Amino acid sequence: MRVTVFGTGYVGLVTGTCLAEVGHQVVCMDIDRSKVEGLRQGVIPIYEPGLEDMVLANHASGRLDFSVDAAASIAHGDILFIAVGTPPDEDGSADLQYVLAVARSIGQCLSRPAVVVNKSTVPVGTADKVRTEIAAQLAQRGVDIAFDVVSNPEFLKEGAAVNDCMRPDRIVLGSRSAHAVEQMKRLYAPFNRNHERIVVMDERSAELTKYAANAMLATKISFMNEMANIAERVGADIEMVRHGIGSDPRIGYSFIYPGAGYGGSCFPKDVQALGRIARQAGYTAGLLEAVEAVNHAQKGKLFELASGHFDGQLAGRTFAVWGLAFKPNTDDMREASSRALLDQLWQAGARVRAHDPEAMEEAARIFGQRDDLVLCGTPDEALQGADALFVVTEWKAFWSPDFTALASKLASRVVFDGRNIYDPSQVEAAGLAYYGIGRGRSLRAVAPGAAHGH
Numbered sequence: 038m039r040v041t042v043f044g045t046g047y048v049g050l051v052t053g054t055c056l057a058e059v060g061h062q063v064v065c066m067d068i069d070r071s072k073v074e075g076l077r078q079g080v081i082p083i084y085e086p087g088l089e090d091m092v093l094a095n096h097a098s099g100r101l102d103f104s105v106d107a108a109a110s111i112a113h114g115d116i117l118f119i120a121v122g123t124p125p126d127e128d129g130s131a132d133l134q135y136v137l138a139v140a141r142s143i144g145q146c147l148s149r150p151a152v153v154v155n156k157s158t159v160p161v162g163t164a165d166k167v168r169t170e171i172a173a174q175l176a177q178r179g180v181d182i183a184f185d186v187v188s189n190p191e192f193l194k195e196g197a198a199v200n201d202c203m204r205p206d207r208i209v210l211g212s213r214s215a216h217a218v219e220q221m222k223r224l225y226a227p228f229n230r231n232h233e234r235i236v237v238m239d240e241r242s243a244e245l246t247k248y249a250a251n252a253m254l255a256t257k258i259s260f261m262n263e264m265a266n267i268a269e270r271v272g273a274d275i276e277m278v279r280h281g282i283g284s285d286p287r288i289g290y291s292f293i294y295p296g297a298g299y300g301g302s303c304f305p306k307d308v309q310a311l312g313r314i315a316r317q318a319g320y321t322a323g324l325l326e327a328v329e330a331v332n333h334a335q336k337g338k339l340f341e342l343a344s345g346h347f348d349g350q351l352a353g354r355t356f357a358v359w360g361l362a363f364k365p366n367t368d369d370m371r372e373a374s375s376r377a378l379l380d381q382l383w384q385a386g387a388r389v390r391a392h393d394p395e396a397m398e399e400a401a402r403i404f405g406q407r408d409d410l411v412l413c414g415t416p417d418e419a420l421q422g423a424d425a426l427f428v429v430t431e432w433k434a435f436w437s438p439d440f441t442a443l444a445s446k447l448a449s450r451v452v453f454d455g456r457n458i459y460d461p462s463q464v465e466a467a468g469l470a471y472y473g474i475g476r477g478r479s480l481r482a483v484a485p486g487a488a489h490g491h
């Protein structure tokens with residue numbers, strides 16, 4: 038099938054490439070000329086495991102092309118995907134200007150029937166707005182061309198997006214048009230062979246499904262961080278608790294890992310936007326507000342632990358930071374916990390030596406040149422001259438360090454483990470002080486009878 042994808046960010050580029058991989062003829066359109074030129078020359082603007090090879094192979098085969106020409110791209114496609122950004126507006130709602138600009142272009146250029154697909158994460162009711170915008174442009178031209186609008190939200194995890202796209206858990210199609218659903222089923226047939234993954238519903242339900250899924254996952258994370266903060270104060274180990282509750286199949290092990298807060302381009306933005314959608318409909322989503330508040334507070338947790346350990350005397354100290362991306366297997370630092378931590382350390386007068394396996398260029402772009410930041414090429418280099426170590430992203434490369442060597446390199450011999458990837462007894466056996474998230478630290482660290490907590 039002939040497919041056009043508007044937007045070459047995470048969603049657009051991965052979706053377009055995977056559709057080309059299974060044999061469709063795909064054009065990815067973007068208004069950023071330098072990005073399009075780069076893609077044509079094999080320069081991939083994001084880090085996503087497996088994506089680069091797939092882009093190169095499909096571009097070489099002629100199934101995948103890139104364009105800045107909206108009219109030609111619209112003429113190419115029977116199915117037109119809108120996969121542009123919906124950044125948060127100042128009030129937390131999703132900004133639809135880019136989505137509606139694409140809809141306008143489609144209305145201005147459409148010359149034959151097509152299915153228009155909303156792939157971007159958009160507020161409930163956006164399919165109606167897109168339909169209205171296209172129809173208004175067609176009416177202005179005085180032409181009557183049939184088109185359908187389908188809501189087809191993406192459920193891609195950064196760091197596993199290619200695999201998620203090629204082997205989806207579910208394919209949600211929101212449409213009341215039998216013809217549009219049939220076209221989409223044809224498009225997705227190669228991904229739907231083993232068992233039925235397609236779930237058909239109306240557009241508004243599909244739009245809400247995406248927000249509900251992300252809000253649910255964010256809620257699980259904030260819930261576990263809440264439990265971790267309780268565990269720390271009552272002398273329990275949240276990791277033991279996690280195993281104890283995760284073994285209940287009604288709860289499960291996914292997304293119940295306590296840590297330094299969630300980040301990325303989806304959870305923070307979508308929880309906020311869903312709260313805004315609720316308010317616009319006359320409802321206060323108290324649970325969502327709490328999820329966001331807990332997460333905001335959790336991003337201060339590592340700094341709080343360090344401040345407690347050093348009695349608030351952080352000025353002039355140097356801290357090694359392992360991990361800057363918001364999660365492993367990506368270079369994305371949007372809303373990352375590391376950014377909150379670095380800001381807090383700098384405000385306290387501390388210096389930072391940081392390493393991340395993939396996000397170094399992104400960090401340099403975000404922070405620029407500063408005297409209190411050294412971006413290091415290896416984890417070891419980050420330790421040089423450091424008082425203590427923060428582990429902020431659970432990259433596999435950080436899981437099994439030589440703790441004895443760590444103890445010899447860190448002047449103050451202390452590790453702040455923001456993802457609970459280390460066994461406290463192993464760390465302490467090497468002569469290091471250990472602080473995790475919800476590891477009963479405040480009670481384990483003091484002598485019996487000296488009851489106090491941070």
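Our numbering puts the sequence shown at residues 38 to 491.
Just so you know, even glycine gets a beta-carbon here, dropped at the ideal spot from N, CA and C.
Note that this is a predicted model, so its numbers are computed, not measured.
For residue j and residue i, the rounded distance between their alpha carbons
| i | j | result |
| --- | --- | --- |
| residue 55 | residue 161 | 27 Å |
| residue 481 | residue 271 | Annotation note: pLDDT 48 at residue 481 (below 50); position unreliable, no value reported. |
| residue 72 | residue 106 | 13 Å |
| residue 130 | residue 304 | 13 Å |
| residue 420 | residue 426 | 7 Å |
| residue 100 | residue 300 | 34 Å |
| residue 321 | residue 444 | 50 Å |
| residue 255 | residue 235 | 24 Å |
| residue 140 | residue 181 | 16 Å |
| residue 314 | residue 325 | 11 Å |
| residue 298 | residue 258 | 8 Å |
| residue 334 | residue 343 | 15 Å |
| residue 111 | residue 192 | 25 Å |
| residue 465 | residue 471 | 6 Å |
| residue 294 | residue 267 | 15 Å |
| residue 441 | residue 467 | 5 Å |
| residue 309 | residue 458 | 29 Å |
| residue 137 | residue 398 | 32 Å |
Candidates the options, of which the one nearest residue i by Cα
| i | options | result |
| --- | --- | --- |
| residue 123 | 151, 47, 169, 413 | 47 |
| residue 69 | 103, 218, 119, 60 | 103 |
| residue 371 | 396, 386, 173, 170 | 396 |
| residue 332 | 460, 262, 405 | 262 |
| residue 265 | 386, 45, 473 | 473 |
| residue 174 | 375, 143, 352, 79 | 143 |
| residue 375 | 366, 385, 389 | 389 |
| residue 382 | 364, 355, 137 | 355 |
| residue 185 | 249, 220, 109 | 220 |
| residue 178 | 148, 199, 201, 345 | 148 |
| residue 432 | 118, 360, 89 | 360 |
| residue 170 | 407, 158, 145, 280 | 145 |
Residue i, DSSP secondary structure in three states
| i | result |
| --- | --- |
| residue 487 | With a pLDDT of only 36 at residue 487, under the threshold of 50, the placement of this residue in the model should not be trusted, and no figure is reported. |
| residue 65 | strand |
| residue 475 | coil |
| residue 201 | helix |
| residue 297 | coil |
| residue 186 | strand |
| residue 105 | coil |
| residue 95 | helix |
| residue 312 | helix |
| residue 281 | helix |
| residue 124 | coil |
| residue 469 | coil |
| residue 131 | strand |
| residue 267 | helix |
| residue 480 | A caution first: residue 480 carries a pLDDT of 44, below 50, which makes its placement in the model unreliable, though a value can still be read off. Three-state DSSP puts residue 480 in a helix. |
| residue 228 | helix |
Own chain, CB closer than 6 Å to residue i, minus 5 neighbours either side, in chain order
| i | result |
| --- | --- |
| residue 53 | 42, 63, 65 |
| residue 208 | 225, 234, 235 |
| residue 290 | 283 |
| residue 339 | 297, 378, 427, 453, 455 |
| residue 240 | 164, 188, 211 |
| residue 341 | none |
| residue 77 | 103 |
Cβ of residue i within 8 Å of any chain C Cβ
| i | result |
| --- | --- |
| residue 347 | No chain C appears in this structure, which consists of one protein chain only. |
Same chain, Cβ closer than 8 Å to residue i, five either side skipped, listed in chain order
| i | result |
| --- | --- |
| residue 434 | 394, 416 |
| residue 60 | 100, 227 |
| residue 218 | 187, 210, 212, 237 |
| residue 316 | 322 |
Contacts around residue i, its chain only, beta-carbon distance under 7 Å, and the 5 residues preceding and following it disregarded
| i | result |
| --- | --- |
| residue 362 | 368, 369, 370, 373, 393, 395, 396, 430 |
| residue 39 | 62, 113, 114, 115 |
| residue 57 | 63, 95, 100, 101 |
| residue 150 | 182, 183, 184 |
| residue 450 | 444, 468, 469, 470 |
Requested in this report: Jot down the residue ranges of each uninterrupted alpha helix (DSSP H) in the region 384–446, minimum 4 residues, whole runs only, in chain order.
Outcome: 397–404, 416–420, 440–446
Query - Ordered list of beta strand (DSSP E) runs contained in the region 320–363, each at least 3 residues - result: Entirely contained in the region 320–363, the beta strand (DSSP E) runs reaching 3 residues are, in chain order, 355–359.
Query raised in the report: What residue ranges within the region 39–92 form continuous beta strand (DSSP E) runs of no fewer than 3 residues, ordered along the chain?
Result: 39–43, 62–66
**Report entry** Entirely enclosed alpha helix (DSSP H) segments - the region 144–185, minimum 4 residues
**Finding:** 163–178
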